[in-house]
Amino acid sequence: MTDSMLLLRDGPVARLRLTRPALHNAFDAELIERLTGALQDIGTDATVRVLVLEAEGTSFSAGADLNWMRSMASASEEDNRIDSLALARLMRTLDELPKPSIARVHGAAFGGGVGLVACCDIAIGVPEAKFGLTESRLGLLPAVISPYVVHAIGARQARRYFATAAIFDAAEALRIGLLHEVVPAEQLDHAVQREIDLLLKAGPLAAAGAKSLVRSVLAHANGQLHDEENAALIARLRVSAEGQEGLSAFLDKRKPVWN
Numbered sequence: 001m002t003d004s005m006l007l008l009r010d011g012p013v014a015r016l017r018l019t020r021p022a023l024h025n026a027f028d029a030e031l032i033e034r035l036t037g038a039l040q041d042i043g044t045d046a047t048v049r050v051l052v053l054e055a056e057g058t059s060f061s062a063g064a065d066l067n068w069m070r071s072m073a074s075a076s077e078e079d080n081r082i083d084s085l086a087l088a089r090l091m092r093t094l095d096e097l098p099k100p101s102i103a104r105v106h107g108a109a110f111g112g113g114v115g116l117v118a119c120c121d122i123a124i125g126v127p128e129a130k131f132g133l134t135e136s137r138l139g140l141l142p143a144v145i146s147p148y149v150v151h152a153i154g155a156r157q158a159r160r161y162f163a164t165a166a167i168f169d170a171a172e173a174l175r176i177g178l179l180h181e182v183v184p185a186e187q188l189d190h191a192v193q194r195e196i197d198l199l200l201k202a203g204p205l206a207a208a209g210a211k212s213l214v215r216s217v218l219a220h221a222n223g224q225l226h227d228e229e230n231a232a233l234i235a236r237l238r239v240s241a242e243g244q245e246g247l248s249a250f251l252d253k254r255k256p257v258w259n
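Sequential numbering from 1 applies to the sequence shown in the working numbering.
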C-alpha cells in the first residue's frame, strides 16, 4: 500500500486503484514509477486474469500534477525527455499488458488520464464524467499518449481535440470510441462486473491474446502473409490444451474448466 495507489486482489481479478483524491489522482514521477512497477508485476502473475483500473474521489485522473509540471518546466530538455519516457513506459506497459484490462471511469479524466482510459481494453464510464486533452492550452501537445488516444478515437477526432483542447462529456466519449459504455453511477460496478464475468468465462490465453491479435491485424500490410499467420495462429489454438478444453466443453454442452 502507498499513499498514491493501492493494489487489491479478488481471486483472479486485480484492482489497481489511484488514491490521490485530494489531487484528483494526478500523476507525478513517483506515481508513474509505482504504477508501471505494479503493472509489470500483474503482467507476470499467472494467477491474475483481469485488471480493473479505478480511482478514489471525484475524479478518475486529472493528468499531470501541477507541482510536477512546475518542476519540469524549470528542468533541462534532457531531463524532460527522460521524464517523458517514464510516462511513455507506463502507457505502453498498460497498453501491452498481457491481461485484459477494464477502466472504471467514475469521474473526470484529463490529459494523461485520457491516456490511461485509451490504453485499457474496455472502458466504462458514468454520464457525469468529463474528458479533455487540454495540453494545447499550455502550448503543449499530448504527444506521449497520442498513439493510444488516436487508436481509440481515430485520427479525425484526435486532430480536433488535440488542437482545441475542448472538454467533452461521456456521451461524446462514447460516440468517438473512448468509452465502450456509459451507465448511471449506481450501475457502474455492475457493468464492470459483467465484463469481468465475461472475461473469466473466456479461455485465459484467448482473452489475454485478443489485443495481440488486433495489434497484428493493424500492423500488417501484406494480406496473404497475414492470412497465413492467422491460419497458423488458429491452428495452434485449436490443438492447444486450452483450445481442446474449450472445444470439448462446447461439444459436451458443459462449462470449460480453465487452468
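Don't be surprised by glycine CBs; every beta carbon is placed ideally from N, CA and C.
Exercise. How big is the Cα-Cα spacing for Lys-211 and Arg-49?
Worked result: 14 Å
Exercise. In three-state DSSP terms, what is Arg-254?
Worked result: coil
Problem set entry | Closest Cα partner of Ala-86 within the set Lys-130, Ala-29, Ala-73, Ala-103 | Ala-29
Problem set entry | Distance, Leu-7 Cα to Ala-38 Cα | 8 Å
For this session: Following the continuous beta strand (DSSP E) through Glu-54, name the residue where it begins and the one where it ends.
Result: 50-55
For this session: Answer yes or no: do Ala-129 and Ala-170 have a C-beta to C-beta separation smaller than 8 Å?
Result: yes
For this session: Assuming Ala-155 contacts Val-149 (C-beta within less than 8 Å), just tell me the rounded distance between them.
Result: Not a contact, Cβ separation roughly 10 Å.
For this session: Tell me whether Met-1 sits in a helix, a strand or coil according to DSSP, three-state version.
Result: Caution applies to Met-1, whose pLDDT of 41 falls short of 50 and renders its modelled position unreliable; the value that the coordinates give is listed next. Met-1: coil per DSSP, three-state reduction.
Exercise. Between Ala-207 and Pro-98, which are expected to be in contact by the criterion C-beta below 8 Å, what is the C-beta distance as a whole number of angstroms?
Worked result: The Cβ separation is near 10 Å, so there is no contact.
For this session: Pull up the distance between the alpha-carbon of Ile-145 and that of Ala-88, whole angstroms please.
Result: 7 Å
Exercise. What did DSSP end up calling Lys-201 once you bin it into helix, strand or coil?
Worked result: helix
Exercise. Which partner residues does Leu-7 have in the DSSP bridge list?
Worked result: Leu-16
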